[in-house]
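Residue numbers (my numbering), protein chains in the order written: chain A, 73 to 299; chain B, 466 to 650. The block underneath contains the structure these notes are about, expressed in structure tokens.
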């Protein structure tokens with residue numbers, strides 16, 4: 073109730089939220105892929121050639137953003153095929169299952185969880201395992217790929233909770249440097265809870281302050297109105 | 466809910482004061498407040514007590530749990546147990562802050578009391594975090610925590626519910642049953 077503006081959050085499932093700014097930025101991330109058929113006159117647009125009339129030969133490797141990949145992906149008309157970026161592959165999955173806390177998720181693509189969830193859109197035999205990686209805890213060896221997303225999230229949860237609730241009035245840039253965007257939003261929520269409590273305890277909660285919406289209006293002097 | 470709102474709810478609790486003025490029974494919407502006679506203790510809600518104190522019309526008597534030995538006992542009990550122990554008042558944090566800010570001259574050993582209450586608070590918050598972490602790690606569906614107060618729930622609530630939301634969405638990704646609908650032109 074005290075917030076001036078509620079942003080639309082990212083959709084974490086197979087479908088993104090249309091109005092979410094986080095999702096729009098996330099879908100700009102690039103995927104490695106291959107052109108399955110020759111793409112006439114698109115070499116320039118895809119960053120492959122210099123001439124405007126060049127076509128992309130069949131089988132050449134491309135880096136395409138997610139929104140383009142989702143639009144062109146169709147199992148019947150083979151235009152492009154996509155493969156998983158390397159951070160979602162087997163090698164990195166073992167790193168995550170060993171210890172997810174040490175990985176710098178911001179460097180791996182600032183939208184690790186969102187992007188990973190979107191990748192499940194493309195039919196890929198390793199999909200269930202990826203989701204589990206992103207989610208699951210360490211107790212049982214994950215059997216599927218989509219489980220890894222869950223696993224990573226859970227292992228990193230403790231670290232985010234502790235650091236967000238204990239750093240009051242300190243420079244938190246070192247703490248958030250290794251978190252991806254989803255985790256940063258969680259971190260900010262934790263910090264806000266802590267800050268609100270401390271602010272209340274100091275007695276600042278009952279002081280009247282200007283709303284953030286009007287602070288930027290600036291004060292107009294009388295001379296401006298008259299002149 | 467914000468800390469200020471929790472404090473507002475806490476101000477309904479009753480506390481004993483000794484007024485230095487006299488007034489007949491007053492009838493308020495929430496109930497009657499008994500006749501005020503100078504020197505005789507009477508029970509009033511905290512909001513009225515603070516107001517009278519600020520106008521120097523009364524002297525506050527600390528609640529019987531706001532005492533150094535009692536609080537030390539409570540703190541040690543909290544440290545021993547793994548679960549949450551019942552607190553003397555469901556608004557102990559807010560009452561401590563209000564009474565110690567406005568009426569510290571009426572409360573003996575105010576600083577020690579503040580420290581003790583803060584220690585107890587820290588212990589309980591640490592337990593809450595531990596419990597939240599094990600809840601998430603084992604992906605339980607349901608948890609029950611007794612004897613938590615509103616202020617503690619507020620401080621960690623937003624973070625926990627958001628994290629659980631994300632976990633839920635990530636978990637529904639595990640079901641590959643519903644195929645993504647695509648538009649075919």
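C-beta: ideal position from N, C-alpha, C; glycine also.
I'd like to know whether the C-beta of residue 278/A is nearer than 8 Å to at least one C-beta of chain B.
yes
Consult DSSP for residue 523/B and reduce its assignment to one of helix, strand or coil.
strand
For the alpha helix (DSSP H) that contains residue 598/B, what are its first and last residues?
575 to 602
Chain-ordered neighbours of residue 161/A on chain B, where CB pairs are closer than 9 Å:
Chain B residues near residue 161/A: none, gap ~18 Å exceeds 9 Å.
Which residues in chain A have a C-beta closer than 7 Å to the C-beta of residue 468/B? List them in chain order.
268, 269, 272 and 277
DSSP on residue 211/A, reduced to helix/strand/coil?
Caution is warranted here: a pLDDT of 31 is assigned to residue 211/A, below 50, making its placement in the model unreliable, and the coordinate value is therefore given only provisionally. Three-state DSSP puts residue 211/A in coil, outside helix and strand.
Simplified DSSP state of residue 284/A, which is helix, strand or coil:
helix
Counted within 10 angstroms of its Cβ, other Cβ atoms place residue 290/A as buried (16 or more) or exposed
exposed
Residue 80/A classed as buried or exposed, judged by whether at least 16 other C-beta atoms fall within 10 angstroms:
exposed
When Cβ atoms are compared, which residues of the stretch 594 to 606 of chain B fall closer than 8 Å to chain A?
594, 597, 598, 601, 602, 603 and 604
Closest by CA to residue 482/B, which one among 521/B, 607/B and 557/B?
521/B
Does any residue of chain B have a CB that is nearer than 8 Å to the CB of residue 153/A?
no
Helix, strand or coil for residue 654/B? Go by DSSP, reduced to three states.
Residue 654/B lies beyond the residue range present for chain B, which begins at 466 and ends at 650; the question has no answer from this structure.
What would DSSP say about residue 144/A, mapped onto helix, strand or coil?
helix
Cβ separation of residue 475/B and residue 511/B, assumed to be a contact under 8 Å, to the nearest whole Å:
7 Å
So, helix, strand or coil for residue 631/B, using DSSP?
helix
List, in order along the chain, the chain B residues whose C-beta lies closer than 7 Å to that of residue 262/A?
624
Return the chain-ordered list of same chain residues with a C-beta closer than 8 Å to the C-beta of residue 93/A, the five sequence neighbours on each side being excluded.
79 and 80
Could you please give the first and the last residue of the uninterrupted alpha helix (DSSP H) stretch that includes residue 177/A?
Careful: residue 177/A lies outside any alpha helix (DSSP H) and carries neither H nor E.
Counting only Cβ-Cβ distances shorter than 8 Å, please list the residues of the stretch 480 to 491 of chain B near chain A, keeping chain order.
none
Nearest-angstrom Cα separation, counted from residue 567/B out to residue 472/B
14 Å
If the cut-off is 9 Å on Cβ atoms, which residues from the stretch 230 to 242 of chain A count as contacting chain B, listed in chain order?
230, 232, 233, 234, 236 and 237
What is the DSSP secondary structure of residue 107/A, reduced to helix, strand or coil?
strand
Start and end residues, beta strand (DSSP E) containing residue 133/A:
133 to 137
C-alpha gap between residue 215/A and residue 564/B, whole angstroms:
Legend: pLDDT at residue 215/A = 45, less than 50; position of this residue unreliable, value from coordinates given subsequently. Cα to Cα, the separation comes out at about 57 Å.
Which residues bound the alpha helix (DSSP H) around residue 481/B?
Here residue 481/B belongs to no alpha helix (DSSP H); instead the beta strand (DSSP E) covers 479 to 484.
Residues bridged to residue 510/B by DSSP?
479/B
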